[in-house]
Amino acid sequence: MLSTPRLTDARILVVDDERVNVVLLERILEQDGYRNVKSVTDPTEAVALYDQFEPDLVLLDLHMPKLDGFGVMKLLEDRISSDTFLPILILTADIRPEIKRRALSAGAKDFVTKPFDRTEVLLRIQNLLETRFLHLRVRIDPVPEGQAT
Amino acid sequence: MWRRYGDAVYTLLTLAIFGFETIALGGLSVSFLLGAATGIASTPVEGILLGVVISSASALGMLGLYLLSYHFISSMRDRWHGDQIDQWTEWWVGLALAGPEEPVEDGSRRPKLPRVAVDSVLSLLEAVKGEEGDRLKEALAGHGVDRWFLRRARAGHLTSRLDAIEALGKARLPDTLDDLLGLLRHTKPVVRRMAARAAAGILAIMPPEPGPDGPHDRFIEAVKRADLQPGVVQEALLLLETRAGPVLGQLLADPELSDSLRWVVLETTGRLGLADMADALAGAADHPDPELRAATFRALRRLGSVPEGAEAHLLEAVEDEVDFVRVQAAHAAAFLSAETALPALEPRLEDPSWWVRRAAAGSLARLGEIGIATVKRAAQSHPDQAAREMAVQILLEADELTPAAARLATGVA
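Line by line, the protein sequences give chains H and R. Under the working numbering, think of the first position of the first sequence as 0, with each following residue one higher. Under the working numbering, think of the first position of the second sequence as 13, with each following residue one higher.
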């Protein structure tokens with residue numbers, strides 16, 4: 000039986016072209032105890048960092064120059080196997096329903112609208128990470144048949 | 013990409029061209045000088061030529077030096093500015109997350125913030141709200157930044173005014189709402205536009221206050237009185253975000269609302285997908301203006317529901333005399349029950365307008381099995397060729413027909 004990793008051990012990757020947003024998210028996460036946070040302000044570097052860092056959660060801005068959030072998700076899609084649950088939390092100021100629909104179909108798992116509330120962001124991150132770790136646990140340590148409901 | 017590499021390429025290219033020119037002209041100057049010294053080039057014409065060559069070489073040298081210095085200094089300034097922004101961002105984030113700033117003693121004034129500090133906190137306010145955002149706003153107000161921007165927004169050069177209004181919009185300080193609403197009466201359209209955007213951004217974070225003199229009412233009255241382009245009003249209403257519902261509802265309920273503003277409200281409601289406002293939209297379903305009827309059905313289509321109060325009008329609109337109303341009504345009919353929509357949509361397969369035929373066939377295909385069966389029947393045996401072709405096209409798009417079967421049905425080899 001594997002022990003459940005602590006949420007604060009989770010590896011979190013922040014992809015946002017605005018340095019201010021990156022600093023803010025890093026400090027919010029740090030203050031809440033998360034120790035493994037890496038970030039990029041150049042979205043074209045996101046995939047390389049993803050390969051190297053293997054995050055448990057990606058915080059992704061949608062509107063970025065050079066490569067937008069949809070482009071990043073498209074590139075990540077090829078790297079994430081179908082049986083892996085890698086949560087992508089979108090941070091965007093764009094509240095149009097069609098953008099949300101498009102992002103969800105591209106692989107995003109949840110949304111936070113900018114300007115965001117610190118508590119809300121942390122709760123959403125926590126929920127996504129809990130789901131991620133439960134998923135990992137089921138993959139590594141499947142429920143015995145007799146115990147399955 | 014261009015900002016990163018384009019400047020370097022431009023500098024190198026300029027250096028190469030100017031360097032080559034300078035060396036060539038320098039060589040010429042030296043040879044002329046030697047000629048003059050040895051008495052070979054001593055005519056007045058050669059003297060003038062020598063002067064021109066020397067002055068051209070000096071000018072090119074100066075220009076080259078200036079360009080190189082310009083890029084060097086710009087790069088240094090950018091780096092310094094970036095460092096300053098980073099330092100201030102860290103400071104503001106610390107303030108936002110750590111708790112309230114030390115209170116200012118009575119009578120004392122906080123020092124004026126440098127512009128880089130203000131830019132940094134304004135960017136931060138675009139990212140964070142709640143307690144953290146409130147702390148930043150308090151600090152801004154404590155430093156008198158709101159009053160400074162308001163002064164600049166009211167007077168001075170147009171660029172400075174717009175800059176100040178944009179900053180107030182980013183800062184989202186509730187105390188500045190009425191000043192911004194006052195700017196909606198400004199003579200310059202661009203000032204009105206920026207003020208409308210900024211005011212909407214502020215209203216979006218303000219809690220709803222019931223009563224006739226609440227901020228929502230003041231915003232609505234100012235927008236109604238202002239001379240704003242429909243696109244500007246729509247942009248402002250979209251910026252209201254989660255506060256848009258009550259404002260749009262209040263505007264829709266106003267019987268004296270102008271047609272252009274009502275059209276904007278209908279469009280915005282649809283774009284924001286405010287499904288709980290479908291009933292409020294129904295009131296414009298039989299409006300005498302076809303633009304408003306079409307906008308109503310377009311909005312209902314975007315909301316994905318047709319309220320009972322609009323059903324009868326929708327069925328009438330499917331046969332409206334104006335084709336763009338019929339198009340929108342046919343699209344919205346997909347959200348009626350199949351029994352209600354089918355008899356209204358089937359005859360539209362032979363509508364004279366291609367757009368109406370397409371909307372009708374598309375909506376029929378969305379009604380489920382009964383709708384698909386109707387479209388298939390039309391593809392096979394409708395007496396009107398245009399109706400048959402449209403039905404085939406829709407079935408192809410819905411993967412209900414193979415391309416080979418489509419060729420057979422339409423008689424195309």
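For every residue, glycine included, the Cβ atom is placed at its ideal position computed from N, Cα and C. Computed from a predicted model, the values in this text were never measured in an experiment.
Within the region 295 to 377 of chain R, the runs of alpha helix (DSSP H) at least 4 residues long that lie entirely inside it are, in chain order, 302 to 315, 320 to 329, 335 to 344, 350 to 357 and 366 to 377. Distance from the Cα of G243(R) is smallest, within the candidate group V276(R), D187(R), P302(R) and D291(R), for V276(R). Taken in chain order, the members of the region 259 to 292 of chain R whose beta-carbon sits within less than 8 Å of a beta-carbon on chain H are R283, L284 and G285. Here I382(R) is exposed, its C-beta having fewer than 16 other C-beta atoms within 10 Å. Residue-level contact check: F110(H) does not touch chain R, since none of the beta carbons of chain R fall below 8 Å from its beta carbon. With a 10 Å radius around the Cβ and a threshold of 16 neighbouring Cβ atoms, Q405(R) comes out buried. Contacts between E17(H) and chain R, judged by CB atoms closer than 8 Å, involve S135 and A139 in chain order. Its chain contains F161, R164 and A165 as the residues whose beta carbon lies nearer than 7 Å to that of A176(R), once the 5 sequence neighbours on both sides are disregarded; these appear in chain order.
DSSP places R117(H) in the helix class (H, G or I) of the three-state scheme. Between T91(H) and T118(H), the gap from beta carbon to beta carbon reaches 8 Å or more.
The beta carbon of A129(R) is closer than 7 Å to those of W100 in its chain, skipping five residues each way along the sequence.
The beta carbon of G38(R) sits closer than 7 Å to the beta carbons of A69 from its chain, once the five residues preceding and following it are set aside; these are given in chain order. Straight across, the Cα-Cα distance linking L278(R) with L304(R) is about 8 Å.
Excluding its 5 nearest sequence neighbours in each direction, R274(R) has C-beta neighbours in its own chain below 7 Å: A296 and L304, listed in chain order. Of the other Cβ atoms in all chains shown, fewer than 16 fall within 10 Å of the Cβ of R389(R); this residue is therefore exposed. L128(H) sits away from L75(H), with the two beta carbons spaced by 8 Å or more. In the three-state reduction of the DSSP assignment, F110(H) falls in the strand class. With 16 or more other Cβ atoms inside 10 Å of its own Cβ, G106(H) counts as buried. For the pair of segments examined, the region 252 to 272 of chain R was found not to touch the region 96 to 110 of chain H: the number of CB pairs separated by less than 8 Å stays below three. The beta carbon of G257(R) sits no closer than 8 Å to any beta carbon of chain H.
Interface flag for D158(R) against chain H is unset, since no Cβ pair is found closer than 8 Å. In the DSSP annotation of this structure, the continuous segment of the beta strand (DSSP E) that includes K37(H) starts and ends at N35 to V39.
Membership of I214(R) in the alpha helix (DSSP H) is indicated by the continuous run P201 to I217.
In this structure, the beta-carbon distance from L109(R) to E138(R) does not fall below 8 Å. Contact check for V14(H) against L58(H) passes: the beta carbons are separated by less than 8 Å.
Inclusion of A287(R) and G316(R) in the CB contact set at 8 Å is warranted, their separation being smaller than that value. From the listed residues R209(R), F30(R) and D271(R), the smallest Cα separation to L77(R) is found for F30(R). Relative to R360(R), the option among A292(R), K149(R) and T386(R) whose CA is nearest is T386(R). Secondary structure note for D187(R): it is in no beta strand (DSSP E), with a DSSP letter that is neither H nor E. Collapsing the DSSP output to three states places R138(H) in a helix. CA-to-CA, the gap between V133(R) and Q30(H) works out to about 20 Å.
Distance from A307(R) to L326(R) at the Cβ level is roughly 13 Å; contact not present, criterion being Cβ atoms closer than 8 Å. For T118(H), the nearest CB of chain R lies under 8 Å from its own CB, placing it at the interface with that chain. By the Cβ test, the region 217 to 228 of chain R is not in contact with the region 196 to 207 of chain R, since fewer than three Cβ pairs between them sit closer than 8 Å. Residues of chain H whose Cβ lies closer than 9 Å to the Cβ of V57(R) do not exist, since the nearest Cβ in that chain is about 57 Å away. Annotated as proximal: A350(R) and G380(R), with beta-carbon spacing under 8 Å.
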